[in-house]
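What follows is a single structure, written as structure tokens, with notes after it.
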Amino acid sequence: RGAAEERANVWLVENATLSARVESLSSQMEDLRKLKGDAESELGYATIGKSGVEAKLVEARAKADASSQLLTGLRDELSRSNEALKAIQVRLAQLEVRLGASQEQESALSERLQAECLTQ
């Protein structure tokens with residue numbers, strides 16, 4: 545009977561020790577679950593943040609491409625405008641030559657007219 549009581553006492557101590565250990569492990573497990581939840585939440589925020597940054601990067605690249613295309617279009621337009629300006633300058637020079645010739649003819653006619661008026 546004494547041996548049975550002693551085994552019962554040992555069993556009660558072991559049971560209490562194991563119960564305390566199970567409770568401690570359960571508490572640690574709950575803490576780990578909370579940490580896991582926090583980590584998953586932070587990972588979610590980081591993923592959202594990364595996606596936002598990637599979206600902004602794609603948007604910035606699209607704007608840069610559009611700006612480049614616009615700049616190319618403006619360069620082409622400037623080139624065409626320069627060519628048109630050169631053609632206008634050539635035509636203006638031709639008109640100035642014709643105007644000079646007309647003025648010379650007018651001057652010669654005026655001199656002849658004056659000479660004829662004087663001779664009459």
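This note's numbering numbers the first residue of the sequence shown as 545 and each following residue consecutively.
For each residue, glycine too, the CB sits at the ideal point set by N, CA and C.
Arg545 sits in coil when the DSSP states are folded into three classes, being neither helix nor strand.
In the three-state reduction of the DSSP assignment, Gln633 falls in the helix class. Within the same chain, no Cβ atom closer than 8 Å to the Cβ of Ala564 is found once the five residues on either side in sequence are excluded.
Here Lys594 has no same chain residue with a Cβ atom under 7 Å from its own Cβ, once five neighbours each way along the sequence are excluded. Counting only residues of its own chain and dropping the five nearest sequence neighbours on each side, Val557 has no CB closer than 6 Å to any other CB. In this structure, the CA atom of Leu587 is about 41 Å from the CA atom of Asn559. Rounded to whole angstroms, the separation of the alpha carbons of Val566 and Lys578 is 18 Å.
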